[in-house]
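Number of protein chains: 2
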Amino acid sequence: MSDSVKATSIKAVGIKDVAREAGVSVATVSRVLSNGPVSDALRARVEDAVRATGYRPNLSARRLRSQHSQTVGLIVSDIRNPFFTAVSRAVEDAAFQAGMRVILCNTDENPEREAMYLRLMQEERVTGLIFAPTRATLAQLDRADLDFPVVLIDRSAPAGRFDSVVLDNPQAAALLVDHLHGQGYRRIAGLFGNTSTTAVERHAGYQAALAAHGLHAEARFVPPTAEAAEAEIARWLAEARRSGAMPDAVMVSNSLLLMGVVKATRTLGLTIPGDLAVAGFDNEPWTELVGPGLTVIEQPVHEIGRAAMTLLFERLDDPERATRKVVLSGTCVARGSTGGVG
Amino acid sequence: MSDSVKATSIKAVGIKDVAREAGVSVATVSRVLSNGPVSDALRARVEDAVRATGYRPNLSARRLRSQHSQTVGLIVSDIRNPFFTAVSRAVEDAAFQAGMRVILCNTDENPEREAMYLRLMQEERVTGLIFAPTRATLAQLDRADLDFPVVLIDRSAPAGRFDSVVLDNPQAAALLVDHLHGQGYRRIAGLFGNTSTTAVERHAGYQAALAAHGLHAEARFVPPTAEAAEAEIARWLAEARRSGAMPDAVMVSNSLLLMGVVKATRTLGLTIPGDLAVAGFDNEPWTELVGPGLTVIEQPVHEIGRAAMTLLFERLDDPERATRKVVLSGTCVARGSTGGVG
DNA sequence: GCTGTTATTGAAAACGATTACATCAGCCCG
DNA sequence: CGGGCTGATGTAATCGTTTTCAATAACAGC
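Protein chains in written order, with UniProt numbering: chain X, 1 to 342; chain A, 1 to 342.
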């Protein structure tokens, strides 16, 4: 309390001021701050001085000198995508628990923005990066030399230069097909996004599972928006009706498309599951509330975020170890929207 | 191209290396980087050298020296709350457009975490902060001396030390009540969150509007979770049924509560709006798809984020100007859930 | 031709911390 | 009692930039 001169920071107070106040050297103050070897007496004096002066370390200076940014980057397409929202929360929790900060970036699947943010990550000298790249950037990523480890999420890695954590997409899609088949559906249409590798994998699983059941696959690809899905499915069903080949079920590869399909059934006056069974991905809270409840694949979103951070920390521990790919399984949450035929 | 020694960064390349490569002083390089006055000849040489060396400026160093962090903080309760998700997206867009970075923090409405993050903001020397504080922290905020401007969002400011942008909550709640009244409902129950000032204001508007119509207000407060809302509304309706005073409509103060109420009507086997009309806040995409569509207040979420950033920039421009409070209006999106009395 | 002004450039001093290194005291042990 | 060791402390170098300041050159005006 020695000099309670009202700690209003007229001028930013630095470690020097603390040192003067405590009558020690700046080195000692620094050591106190980082739990270095300091006698109890001095430690107490310094701590008092810190309180008295209202000192706050300058993280820029600290990072510059110590060469540790204690920052991880998180680059996703859009934080409003509930999957990424949940992942980001998990990443942040893990980061702050480890005393790190998170820089969040939205790319809107735009490769230019991805490139720009990758540059930013370098300039920030991030400790590591968690990244859901587009296919375009994924390809370039191999040639880029980044001086921090990267963990890919959601989008699967091609060769194996990077650690990654993904859902077992083929298996998840198959789960959905198997469920639909078990409920008696035989004409199972598929609607998939046309931008991500995720959709590609889910389509593969869909196709394989149908083949296994000896059924015919009929899939279409659309931009990943509810509007595109709604328009496409309406067109599709109209055609199908004319040709007398109406599907009795449709599965979609993400929740935006799911919304589009549900909307379309409304405007077309179709009942779910009577006229058309519906199933999709991402067990968001509202899927339970729509119509008879929507059957979906639940991704372990929080685990995915956590796993990514774990992978990152392990890589930092041992930069040389073989890259790892963590594959998590989804589970099928069956609801009324696939209630069974007739 | 002079010295294409394969720009693999064996050792981090600094401004010094660029200077050597270009045969100029570091000052000149710095000036090129910041568009300072440099002759065209040298500028070209330096730019080549930058490319050749693969130089990336070190932001920590830059921030330390220039005393500009080019960083804004964003502290919200939980990014998974769709309102904050949307706001965060708007904030980020505005920030990156202005060449700034965003540090995102989730507090879970926990005052301790709020305090810790406020400390972090100081240590990061953020340029400004956008903050949705709890009531507890809001009270303390007046005494705290922060050396950066703060813009409050969602939660309204008490005195006027801070700029803020909020929804006109009383008016929005009244809008909902008026709509319900217009549809013929007369016993309008209200369910509100018990943690935020937002709910308090919405409750006030609810009460005032009912009074204006000569109706009786009956409100309850619950923790802001779907589960709490579901349980409370079930209990409430059971009691009401016994006492013969069933409400014919219920409005709630946010989307989590809305989900809880919808769930409750399902398990109780009530039809919407036949047995009970339902209305709430936040026009999330799924509200259109639930039951006959849910009537909600739509907040201009993106605008709120943008307005907050605008306020922040204006404050940075002129630190002395009077604090401002931007109040935005919600709009009522009428859907089937308030279809009118049988 | 001399001086004053303007545009470029470089040398060196910050920025605010951490940390390598030197110093010194105290202590153990031969 | 001296030598080596340990542990606490201080001095000064350092991190990679920006920015101040001085120096130089070029050029106009008289």
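Glycine included, each C-beta is placed from N, C-alpha and C at the ideal position.
Per DSSP, F83 of chain A is one residue of the alpha helix (DSSP H) stretching across P82 to Q97. N58 of chain A reaches chain X at L64, E123 and R125, counting residues in chain order whose Cβ is nearer than 8 angstroms. Chain-order list of chain X residues neighbouring M259 of chain A: P285, W286, E288 and L289, by C-beta distance under 9 angstroms. Under the three-state reduction of DSSP, L146 of chain A is assigned to coil, being neither helix nor strand. Contact with chain A is found for V262 of chain X, since one of that chain's Cβ atoms lies less than 8 angstroms from the residue's Cβ. By the CB criterion at 8 angstroms, S164 of chain A and R202 of chain A fall outside the cutoff. Excluding its 5 nearest sequence neighbours in each direction, A307 of chain A has C-beta neighbours in its own chain below 8 angstroms: V165, V326 and L328, listed in chain order. Annotation: G274 of chain A to V341 of chain A spans about 7 angstroms, alpha carbon to alpha carbon.
Residues of the stretch 100-112 of chain A whose Cβ lies closer than 9 angstroms to any Cβ of chain X, in chain order: R101, V102, I103, L104, C105 and N106. Classified as exposed, H216 of chain X has fewer than 16 neighbouring CB atoms from the shown chains inside 10 Å of its CB.
Residue environment for Q67 of chain X: exposed (fewer than 16 other C-beta atoms within 10 angstroms of its C-beta).
Contact annotation for T85 of chain A against chain X: I79, R80 and T85 [CB-CB distance below 7 angstroms, chain order]. Around R315 of chain A, no beta-carbon contact reaches into chain X at under 8 angstroms, the shortest distance being about 18 angstroms. For A279 of chain X and L141 of chain X, the gap between their C-alpha atoms comes out near 34 angstroms. Taking 8 angstroms as the cut-off, the Cβ atoms of G330 of chain A and D168 of chain A count as close.
Under the DSSP assignment, V252 of chain X falls in the beta strand (DSSP E) whose first and last residues are A249 to V252. Within a 10 Å sphere around the beta-carbon of L316 of chain A sit fewer than 16 other beta-carbons, which makes this residue exposed.
Per DSSP, reduced to three states, the secondary structure at F162 of chain A is coil, with no helix or strand assignment.
Taking a beta-carbon distance threshold of 8 angstroms, E92 of chain A counts as an interface residue toward chain X. Here the alpha carbon of D108 of chain X sits roughly 37 angstroms from the alpha carbon of E21 of chain A.
Per the coordinates, the alpha-carbon of P133 of chain A lies some 26 angstroms from the alpha-carbon of V50 of chain X. For E227 of chain X, the secondary structure class from DSSP, reduced to helix, strand or coil, is helix.
For V296 of chain X, the uninterrupted beta strand (DSSP E) run begins and ends at T295 to E298, by DSSP. Beta-bridge annotation (DSSP): T331 of chain X is paired with X:E298.
Within chain A, the residues placing a beta-carbon under 7 angstroms from that of S88 of chain X are I79, ordered along the chain. Three or more beta-carbon pairs separated by less than 8 angstroms are not found between the stretch 203-210 of chain A and the stretch 230-239 of chain A, which leaves the two stretches without contact. Contact between L104 of chain X and I79 of chain X holds: CB atoms are separated by about 7 angstroms, below the 8 angstroms threshold. Rounded to the nearest angstrom, the Cβ distance from A12 of chain X to L64 of chain A is 12 angstroms, too far for a contact under 8 angstroms. By the CB criterion at 8 angstroms, A189 of chain A and E227 of chain A fall outside the cutoff. Between R119 of chain X and chain A, the shortest Cβ-Cβ separation is below 8 angstroms. Separation of M246 of chain X and I272 of chain X (C-alpha to C-alpha, rounded to the nearest whole angstrom) is 14 angstroms. Annotated as distal: L289 of chain X and V250 of chain X, with beta-carbon spacing of 8 angstroms or more. In the DSSP annotation of this structure, the continuous segment of the alpha helix (DSSP H) that includes E201 of chain X starts and ends at T197 to A212. In the three-state reduction of the DSSP assignment, V151 of chain A falls in the strand class.
In this structure, the CA atom of A229 of chain X is about 27 angstroms from the CA atom of K263 of chain A.
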